[in-house]
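Visitor:
In the working numbering, the protein residues as written are 10 to 316.
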């Protein structure tokens, strides 16, 4: 909708609020409201603007439903969590659905809990309302956890430490929780500079995929009984340095550092692809994971100079 700007006094401009919005939010004369600049947009909200987003989900299943079918249904809750929904009423007729949802909540959805449950209906709520308001802090945690995963995986491989490598799926699951929370916050509130929201959303997703690759290469090392070629460890160490270099340039942009990072990255990718093409049977998969890591780090570069 369009609104005309009026002038009140020598330096004050005024625009009227939509009547429907005023009624829905019970705005009264003299009441204070928050006005948040977002680039060329203004976000106007009342004290009650952090309203609860509710929805109902029908997860009733056929009697022939397989466990895979049940699992797919339960993952719908994760999508609604990411979208920013605060309360979900679920209709169900198979207790396996609730067990799978509980499993999904515990593993991946920070702040969500089942708060009531009957024979055919349950309610899930976000019980940590303040948790999804500090995006930058959570993004930093996601970055640091991802870098820690990379360093821990490499160190464990060098020391032939199976127990530490076996912990990587657990670390990746914690990383998933932070990733899901970041996506939830971006969908609910956007990024502080609204025009950058989409690119930051992509950055968060790529960090999650870096975590997936670190988990997978760790599990493959265990599968190979920690038998790995020396050049793989050397290139892995170089990639970890570039992941940290990306983090540093992201938070403190410098064109010279960004250019140097890009040059090193391109050289590393060329070297890893060459090692992949010449690898012995069984070793090629190690280099495949390194190429995946490099591709994800490269894709994250679209978000430079945004914070």
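Note that the Cβ used here is the ideal one computed from N, Cα and C, for glycine as well.
The structure displayed is predicted, hence computed values, not measured ones.
1. Does DSSP put residue 248 in a helix, in a strand, or in coil?
2. With a Cβ-Cβ cutoff of 8 Å, do residue 205 and residue 144 count as a contact?
3. In this structure, does DSSP put residue 194 in helix, strand or coil?
4. With a 10 Å radius around its C-beta and 16 neighbouring C-beta atoms as the bar for buried, classify residue 91 as buried or exposed.
5. So, under 8 Å CB-CB, residue 224 and residue 177 are touching, yes? Tell me the CB distance rounded to an integer number of Å.
6. Who are the Cβ neighbours of residue 17 in its own chain at under 8 Å, not counting the five residues just before and after it?
7. Just mark residue 100 as buried or exposed, buried being the case when its beta carbon has 16 or more other beta carbons within 10 Å.
8. Mind checking whether residue 95 and residue 61 have CB atoms under 8 Å apart?
9. Cα separation between residue 111 and residue 287?
10. Just to confirm, is the Cβ distance from residue 184 to residue 127 under 8 Å?
11. Output yes or no for whether 8 Å exceeds the beta carbon distance between residue 175 and residue 231.
12. Can you tell me whether residue 216 is buried or exposed, with buried defined as 16 or more other CB within 10 angstroms of its CB?
13. Counting along the chain, where does the alpha helix (DSSP H) carrying residue 147 start and finish?
14. Using the Cβ count rule (16 or more neighbours within 10 Å means buried), how would you classify residue 79?
15. If you draw a straight line from the C-alpha of residue 14 to the C-alpha of residue 140, how long is it?
16. Which of helix, strand or coil does DSSP assign to residue 290?
17. Tell me whether residue 72 is buried or exposed, calling it buried when 16 or more other Cβ atoms sit within 10 Å of its Cβ.
18. Pick from 275, 222, 233 and 259: whose alpha carbon is nearest that of residue 297?
19. Would you call the CB atoms of residue 198 and residue 151 closer than 8 Å?
20. Are the beta-carbon atoms of residue 107 and residue 120 separated by less than 8 Å?
21. Within this structure, are the beta carbons of residue 158 and residue 181 separated by less than 8 Å?
22. Taking just the CA atoms, how far does residue 75 sit from residue 41?
23. Per DSSP, which one or two residues make a beta bridge with residue 23?
24. Leaving out five residues before and five after residue 122 in sequence, what residues of the same chain have Cβ atoms less than 6 Å from its Cβ?
25. Which value, in whole angstroms, describes the spacing of the CA atoms of residue 68 and residue 93?
26. Identify which residue in 279, 258 and 289 has its Cα closest to the Cα of residue 312.
27. Report the three-state DSSP secondary structure of residue 129 (helix, strand or coil).
28. Among 193, 200, 235 and 279, which residue has its Cα nearest to the Cα of residue 170?
29. Report yes if the CB atom of residue 118 is closer than 8 Å to the CB atom of residue 97, and no otherwise.
30. Please report the Cβ distance between residue 64 and residue 103, rounded to the nearest whole angstrom; I am assuming they are in contact, meaning their Cβ atoms lie under 8 Å.
Guide: Short version:
1. helix
2. no
3. helix
4. buried
5. 5 Å
6. 23
7. exposed
8. yes
9. 46 Å
10. no
11. yes
12. Counting the other CB atoms within 10 Å of its CB gives residue 216 a total of 16 or more, which places it among the buried residues.
13. 144-167
14. buried
15. Roughly 37 Å between the two C-alpha positions.
16. coil
17. exposed
18. 222
19. No; because the gap between Cβ atoms is not below 8 Å, this pair is not in contact.
20. Cβ atoms of residue 107 and residue 120: not closer than 8 Å.
21. yes
22. Their backbone Cα atoms lie some 54 Å apart in a straight line.
23. Per DSSP, 15.
24. Residues of the same chain with a CB within less than 6 Å of the CB of residue 122, apart from the 5 flanking positions on each side, are 136 in chain order.
25. 19 Å
26. 258
27. coil
28. 235
29. no
30. Their Cβ separation, rounded to whole angstroms, is 20 Å, which puts residue 64 and residue 103 out of contact at 8 Å.
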